[in-house]
Amino acid sequence: VDAESRVAVNGAGDPLLRRGEARAPNQASEIDVAALFRDNRSRLVGLSTAILLDPIVAEEVVQDAFEGLQRNAGHVDNPVGYLQRTVVNLSISTVRRRKVVARHPISAAPPASLPEIDEAWAAVVRLPAKQRAVVVLRFWQDQSIDAIAEILTCPAGSVKSTLHRALKQLEKELS
Amino acid sequence: MIDEAIRPELEQLLRATLDEMIPKVVAARPPNIVTDIADLSSASVGPARSRHSVRRLVVAMSVAAAVVVGLVGVVNRDADQRNGASGSTAEPEWYRLLHPALPEHFERAALTLATDTQMWFVAMDERDGKALEIQVGLDNEFSSDKPTSTDSTGTWYAKPQGLTVVKPDGLQVTVTCDIGAKGRDFPGPPNYCDMASTGPFTESDIRVVATRVASTFDKSVFSARLGTPMPVTNNPAHIATLIAAAVPDQQHHVGSTDWGPGDEIFDFSIDGVRPDTSVRLVEGVYPPPTTTEPARYGLYDDAAAFWVVTPGGAAVRISTTNTLPESLDRLDQLAFEILGSVAPLSTTVFTTTTFVSADTIAVDDGSVDQPTTYYPTDSPMPMWPDVATSGETPIGHIGYGMALCSGGSWTTFTSLASATGIEQSYQGTLCAFSTFPHPIPETVASCSSMSPGTNYARCQERYDTTFDPESGQPDGTGPPSVQQSVAVQLLPPTPEVVPQVFGDRVSALSGPSGPAYIDDAVSVVFHAGDSPDQTCFVIRLTDLGSSGCVDSTLLKTGLAYGAYEAKDGPIEVVGIVPDDVASVEIVGRVISVKNNVWHYTGQPGDDLSFTVRSADGTLSASVG
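Line order of the protein sequences matches chains A and B.
Quick note, the first sequence lines up with residues 52 to 226 if you use the numbering used here.
Quick note, the second sequence lines up with residues 36 to 659 if you use the numbering used here.
As structure tokens, this is what we get:
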């Protein structure tokens, strides 16, 4: 056990917070993290879940993103963009990391209303994480290619080619 | 642009797929991962609903019109879902018989009473809180009444909210539909089922159900012993305490009505002089849902009602004629508190050790951590960003959330950042127990963590000795006593690197429905998981419990266990093992395995390390 780390954690104080008694956001930042959380959490969890296929870890990723925002509040100009970017990148990297470490089984997908949707979802699930992220951003969040490029911090051309490969694969599987 | 080259049909299908499936996958998370009580009343995920609905409709219509075979497939699959295909518990005999009679939307049902002459069932419509009461009996209470009609099924009698038919063989079937609302007793409650906004359930519908029941049930059901009601495990006083805590300003004390061993009803008043609200607790619901869905209020003329059902088969219906928004919010939360106390669905060691990666297993050095933070039990532990915005510790905040820790349910850790800047992210929950037999104001829950990197946390119930006896609230100014801190020491996690020396067969999984194991303190019910390599369980103790699944990799180690402690002990250790584990040695005692379950009651401070062994002793594995 890292004694220093543990002492630091345990010495962090024992704030007693009750539901509904949250104090005002950190005065050092003008970002209203609470409002951002309220307005964006569900959408971000959906986005992360679509990439991770794991709503539990997705929730954690979103939490981590907000934690990062809180830490970096003074340096973030576009909080929503920051959150999207962080969630997507954390989700993709988590998928990659999972391939290395032991991973827990992903639960079977809930049944869809139509067999065609079941098949399409299965095809989406089989896409590599980054391709899936691009597909979800494009067709679930209706993001433009340029916006996706900004989120993924990559050139628009890369987004186009990634999307092209993803759609080609989906077309092949669903035809 | 490349993406514009997509075929319109594929794009439409893709959009509809994402619109439908992403919220479903998000919603499929276990009930213990509810992160905020506010989530329970909000199912919205993703972009605007209306646009999604249109998309789904368009695709559904085009598919239905173009592919007749596909439509047949849809119908069949819906039928499968009604048959409980989504649930994984073995279908009880009583349900097999009753199911054909159940109308659409009333597929979940429970047996609440079974005697030599009576079988009572309740079927629930989770869309709006309606309940069908189906009672089959041999006592013809209507022999002197005037029948309303006679047909090939039998002689029919009118009954408030329903009908009774007495078959020629004397079997009496009564079916009623109601939402259980109180406060409109004079001149009699209206027929809420008739006015259901989601679809009225009329007398003719009731007649259909009664006719079907009459056609499938006969006198032999009473000797066939088709099942026994699942007892409501909490004592009524405890539920009454929860209600009193949730509605502190109530004018009318909670009264309990026992409708049978599997059914408990509590009536009380939120702010009137007469009971206006009713809480009904039912256990043994089949088929159980795979997840706990948010409460969906059915709004009626002057009343509201909803059902909430857990994967453990417990259900709560709350109905009220006090429909003020603030009242409904409180009742919504109360339902989940009650369900949490019935079967706290905290994820246990069973499911969470699999999150610990082989190269970052936290080393338990046996030392005792001081709890890191304390929260009162009468409110959910705050989620981000509440904990992050305390302002007291700019970076040293304890950035985890623990929703409804007080109820022992829906516990989730998210992440933790230390003052050193080292981020510690939890990959899951390792809260083996955290619940309170009673909502004691001075009780606090605490969690501690050790080691950086992938981490685990342990939860414990504490007493805050600094609580103010006048206000009855903890003031949170001080840590728990030394003695209480010592009790934080728990069992070590089961590391993934333990060899998988055993098989993965669990014979008890295919045994008869009902508990595979039961003793004075513990009962364990098995059911199959979503995948073949899962063994799922519901563990109940007097005031604690959990549900979850063990996957085969953990099962093969022989070291799947959960540990539970209410207050300061004793600690109940419950293990689930494959067939080839015959005995367990713990604290110097050898315990036999019964139906793939072992149970040991330890005391705080005990070294609860244990070793499991095969019958011939050639295979063994240890924790600790």
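Heads up, the beta-carbon is just placed ideally off N, CA and C, and yes, glycines get one too.
E328 (chain B): not part of any beta strand (DSSP E); DSSP gives it neither H nor E. Put simply, the CB of R365 (chain B) is far from chain A, with every gap to its CB atoms at 9 Å or more. At least one CB of chain B lies nearer than 9 Å to the CB of P161 (chain A). The three-state reading of DSSP puts H562 (chain B) in strand, counting E and B together. For the stretch 43-62 of chain B, the set of residues with a beta-carbon nearer than 8 Å to any beta-carbon of chain A comprises L45, E46, L48, L49, R50, A51, T52, L53, D54, E55, M56, I57, P58, K59, V60, V61 and A62, in chain order. Assignment of D90 (chain A) by DSSP, reduced to helix, strand and coil, places it in the helix class. Put simply, of B:F252, B:D240, B:D151 and B:H562 the residue whose alpha carbon is nearest the alpha carbon of H134 (chain B) is B:F252. Under DSSP, D213 (chain B) forms a beta bridge with B:A166.
Rounded to whole angstroms, the Cβ separation of K217 (chain B) and T358 (chain B) is 12 Å, and the two are not in contact under 8 Å.
One thing to note: Y321 (chain B) has its Cβ within 9 Å of the Cβ of R143 (chain B). In this structure, B:L316 is the residue among B:L316, B:D336 and B:E328 with its C-alpha nearest to the C-alpha of I353 (chain B). Burial state of V625 (chain B) is exposed, judged by a 10 Å Cβ sphere holding fewer than 16 other Cβ atoms. The beta carbon of I305 (chain B) does not come within 9 Å of any beta carbon belonging to chain A, so the residue lies off that interface.
In this structure, A617 (chain B) sits near S649 (chain B), with a CB-CB distance shorter than 9 Å.
In the three-state reduction of the DSSP assignment, H140 (chain B) falls in the coil class. Shortest Cα-Cα distance from L369 (chain B) to any of B:P346, B:P283 and B:L334 involves B:P283.
E299 (chain B) sits in a strand when the DSSP states are folded into three classes. For L188 (chain A), the closest of A:G132, A:L225, A:P161 and A:D115 by C-alpha to C-alpha distance is A:G132. Using a Cβ-Cβ distance cut-off of 8 Å, the stretch 534-550 of chain B and the stretch 590-597 of chain B are in contact, since at least three pairs of beta carbons, one from each stretch, lie closer than that value. Chain B places a beta carbon closer than 9 Å to that of G97 (chain A), counting this residue as a contact. In this structure the stretch 336-352 of chain B does not touch the stretch 188-198 of chain B; the number of beta carbon pairs closer than 8 Å is below three. Separation of T100 (chain A) and V61 (chain B) (C-alpha to C-alpha, rounded to the nearest whole angstrom) is 6 Å.
In this chain, the beta strand (DSSP E) harbouring T646 (chain B) covers F645 to R648.
Taken atom to atom, the span from the alpha-carbon of G652 (chain B) to that of V609 (chain B) is near 21 Å. For the pair L178 (chain A) and Q220 (chain A), the Cα-to-Cα distance works out to about 8 Å. Distance between L167 (chain B) and C212 (chain B), taken at the CA atoms: about 5 Å. Y335 (chain B) carries a coil assignment under DSSP once its states are collapsed to helix, strand and coil.
From the beta-carbon of V139 (chain A), no residue of chain B is found nearer than 9 Å; the closest lies around 14 Å away. Nearest CB-CB separation between V175 (chain A) and chain B: below the 9 Å threshold. Chain B has a Cβ within less than 9 Å of the Cβ of I168 (chain A). With respect to A543 (chain B), Y552 (chain B) sits close: the two C-beta atoms are nearer than 9 Å. Under a criterion of Cβ atoms nearer than 7 Å, no residue of chain B is adjacent to A180 (chain A); the nearest Cβ is some 15 Å distant.
By the neighbour-count criterion, in which a residue is buried when 16 or more other Cβ atoms sit within 10 angstroms of its Cβ, R92 (chain A) is buried. S239 (chain B): member of the alpha helix (DSSP H) spanning E238 to T251, first to last residue. With the rule of 3 Cβ pairs closer than 8 Å, the stretch 196-203 of chain B does not count as touching the stretch 153-163 of chain B. None of the residues of the stretch 619-638 of chain B has a beta carbon lying less than 7 Å from any beta carbon of chain A.
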